[in-house]
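S.K.:
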Amino acid sequence: GVTHPRSTETHTDVLIIGGGIAGPALAAALHNRDISVTLLERSDAPLDTARGDHLQPRTLEILADWGILPALLEAGAEQRRGTRWFDEHGDPLLTVDLAGLPLRFPAYRFLNHETISQVLLNMAARNPRFQLIRPLHRWRLQAPGQVRVEHRDAPAQQFRYRLLIGADGAASGVRRALGIDAESKRYQHPIGVLFGRWAAGNPDNDLLVSLGSERIVSAIPRTGGGCKIGLPLRRDELDHWRGLEAEGLEQALRTLAPALAIRDLRFDGLYPPTRVLAQRWIGELAALVGDACHAMHPARSQGMNIAIQNIQALLEGLPGDAATWSGERLASALRRYDEEVRPAMEPRLQDNHAAGQLMDAMSEDANGMLKSRLAAVAADPGKLERYALAAAGYDR
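Take the sequence shown: its position 4, counting from 1, is numbered 7 in this note's numbering, and each next residue is one higher.
#1: DSSP puts Gln254 in a beta bridge; with which residues?
#2: How do the segment 285-295 and the segment 169-182 stand: do at least 3 beta-carbon pairs fall below 8 Å, yes or no?
#3: How would you write the range of the beta strand (DSSP E) that Gln353 sits in, first residue to last?
#4: Taking DSSP as the reference, what is the three-state secondary structure of His140?
#5: Give the single residue among Ala25, Leu33 and Ala28 whose Cα lies nearest to the Cα of Asp324.
#6: According to DSSP, is Asp341 part of a helix, a strand, or is it coil?
#7: Under the three-state reduction of DSSP, which class applies to Pro49: helix, strand or coil?
#8: So, using beta-carbon positions, are Pro235 and Met365 closer together than 8 Å?
#9: Where does the unbroken alpha helix (DSSP H) through Gly169 begin, and where does it stop?
#10: State the Cα-Cα distance for the pair Leu18 and Ser39, rounded to the nearest angstrom.
#11: How about Gly85 and Asp100: do their beta carbons lie closer than 8 Å?
#12: Ile20 and Gln315: beta carbons closer than 8 Å?
#13: Please report the straight-line C-alpha distance between Pro95 and Met126, rounded to a whole angstrom.
#14: Using the beta-carbon count (16 or more within 10 Å), is Glu91 buried or exposed?
#15: Is Gln145 helix, strand or coil by DSSP?
#16: DSSP state of Arg200, grouped into three classes?
#17: Can you tell me the Cα-Cα spacing of Arg155 and Pro138, whole angstroms?
#18: If we ignore side chains and look at the alpha-carbon of each, how far apart do Gly4 and Asp47 end up?
#19: Pick helix, strand or coil for Ala326, following the three-state DSSP scheme.
#20: Does the structure place the segment 181-192 close enough to the segment 264-284 that three or more beta carbon pairs sit under 8 Å?
#21: Could you please give the first and the last residue of the uninterrupted alpha helix (DSSP H) stretch that includes Thr62?
#22: Can you list, in chain order, the residues of its chain with a C-beta nearer than 7 Å to that of Gly263? Leave out the 5 residues immediately preceding and following it.
#23: Are Glu117 and Thr62 close, meaning C-beta to C-beta below 8 Å?
#24: The beta strand (DSSP E) spanning Leu263 covers which residue range?
#25: Which of the three DSSP states, helix, strand or coil, is assigned to His192?
#26: Could you tell me which residues DSSP pairs with Ala185 in its beta bridges?
#27: Measuring alpha carbon to alpha carbon, tell me which of Thr226, Gly246 and Gly195 ends up nearest Arg237.
#28: Give me the Cα-Cα distance between Met307 and His57, rounded to the nearest whole angstrom.
#29: Is it buried or exposed, Asn35, if we count other Cβ atoms within 10 angstroms and call 16 or more buried?
#30: Who are the Cβ neighbours of Arg429 in its own chain at under 8 Å, not counting the five residues just before and after it?
#31: Taking the beta carbon of Gln160 as the centre, do at least 16 other beta carbons fall within 10 Å, making it buried, or is it exposed?
#32: Considering only C-alpha positions, which residue in the set Asn370, Asp398, Trp328 and Gly385 is nearest to Leu352?
#33: Opposite Pro235 in the DSSP bridges: which residues?
#34: Can you tell me whether DSSP reads Ser304 as helix, strand or coil?
#35: Could you give the first and the last residue of the continuous alpha helix (DSSP H) run that contains Leu18?
#36: Let me check understanding here. Comparing Cα to Cα, which of Leu29, Glu81 and Ala28 lies closest to Pro206?
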């Protein structure tokens, strides 16, 4: 819903800017901690349903500990056990099955992106000291601890906070306001996204990946028997793919990826993947989460999961009553987030970037090397278990 401030000045323990997934996840994590939380979001438009929708076992642990997982299951989150890779002829290359691994949750869960966000907002709203303000016209960081928010049809609002969280995406205004530089890379090929339904059975809701001679095509399960196709497209192909009807899309997909039997296809849109890596994740009385500090290529479907895992790491340094989040205690927690959590996450971010570069290359040589690596994993039970654990969100 749309709410507006009741007065000209508000004091809040945590001020979150950004209402995608990371901002609501943090607000939801604090729902039972007697901490005042205000979430600011510029837009009241629905989130893009094509964005990330799979939750790793490691993320499920965190959501269970926050008390949020039952609400996601009630909203219809479904289970998938693993991933199956195929070559350009449709022959199997590698099956990664999480069943049997020594995990608290030996499977993924998936739910449409916009539904995950709404579940998180609903959970955040169980906190009587939570306030959601959207849409707003603009905001401005006036000084550490103080933000001014302007509305088109209501008085301006002054917010005083203990902790500011930037969860406002890859082009983060919070990051800019804090003077944090970021490395940014636009990948060469946009990702085409198609929606359809399984034409053949997929009883375990596996993610199916076709490794063709030049192109990697992923078929990602959606709730209710649907699926989402993601594939890199060259610039000179875009108009052709945009113009195809369902039958033409099915034929084009069969040609590229014969292992994927999908019907009722429709072309949804193009998404230019970008990598953003902030040089630091904190400012004075402030921290960045999600795409604001680590926007990622979707090749490994890890952006949302890493965001939630990093939020948990940030909150581990901020236990108890927010009244104690001041002075050196808050500064120490923020330093830990930047000096320990950020470097510890860099190998996963780099691994994701390497996967993104490989998908973006659309190269026969690159895909040939990947096939060899997958074959080596398939042939070695130890490598296969380490590979599966990494895919589940755990260190190799």
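A virtual CB, placed ideally from N, CA and C, is assigned to each residue, including glycine.
M.R.: Checking against the coordinates, here is how it stands:
#1: Looking at the DSSP assignment, Gln254 forms no beta bridge with any residue, so it has no partner.
#2: Output reads yes: the segment 169-182 touches the segment 285-295.
#3: Run containing Gln353: none in the beta strand (DSSP E); it sits in the alpha helix (DSSP H), Arg345 to Ala364.
#4: Residue state, collapsed to three classes: coil.
#5: Comparing alpha carbon positions, the residue from Ala25, Leu33 and Ala28 closest to Asp324 is Leu33.
#6: Here Asp341 sits in helix by DSSP.
#7: If DSSP states are grouped into helix, strand and coil, Pro49 belongs with coil.
#8: For the 8 Å CB-CB criterion, Pro235 and Met365 form a contact.
#9: Premise fails: Gly169 lies in the beta strand (DSSP E), Gln160 to Gly169, not in any alpha helix (DSSP H).
#10: Rounded to the nearest angstrom, the two C-alpha atoms are 9 Å apart.
#11: Yes; because the gap between Cβ atoms is below 8 Å, this pair is in contact.
#12: No, the pair does not count as a contact, with Cβ atoms beyond the cut-off.
#13: The alpha-carbon atoms of Pro95 and Met126 are separated by roughly 41 Å.
#14: Buried is the call here.
#15: Here Gln145 sits in strand by DSSP.
#16: For Arg200, the secondary structure class from DSSP, reduced to helix, strand or coil, is strand.
#17: Cα to Cα, the separation comes out at about 9 Å.
#18: Because Gly4 carries a pLDDT of 49, less than 50, the predicted location of this residue cannot be relied on, and the following value inherits that uncertainty. Annotation: Gly4 to Asp47 spans about 8 Å, alpha carbon to alpha carbon.
#19: In the structure shown, Ala326 sits in a helix (DSSP, three-state: H, G or I).
#20: The segment 264-284 vs the segment 181-192: in contact.
#21: That run of the alpha helix (DSSP H) goes Pro60 to Asp68.
#22: The sequence shown places Leu at residue 263, not Gly. Cβ within range, chain order: Leu211, Ser213, Val220, Ala222 and Leu256.
#23: In this structure, Glu117 lies away from Thr62, with their beta-carbon atoms at least 8 Å apart.
#24: Leu263 -> no beta strand (DSSP E), and no H or E assigned at all.
#25: Residue state for His192 is assigned as coil, using DSSP reduced to three classes.
#26: Paired residues: Ala281.
#27: The alpha carbon of Arg237 has as its nearest neighbour, out of Thr226, Gly246 and Gly195, the alpha carbon of Gly195.
#28: Put simply, the backbone Cα of Met307 is about 8 Å away from that of His57.
#29: Result: exposed.
#30: As displayed, the chain neither begins before 4 nor continues past 399, which places residue 429 out of reach and without an answer.
#31: Classification for Gln160: buried.
#32: Leu352 has its Cα closest to that of Asp398, out of Asn370, Asp398, Trp328 and Gly385.
#33: Bridge partners of Pro235: Ile194.
#34: Here Ser304 sits in coil by DSSP.
#35: Counting along the chain, no alpha helix (DSSP H) covers Leu18; the unbroken beta strand (DSSP E) around it starts and ends at Glu12 to Ile20.
#36: Closest option to Pro206, Cα to Cα, is Glu81.
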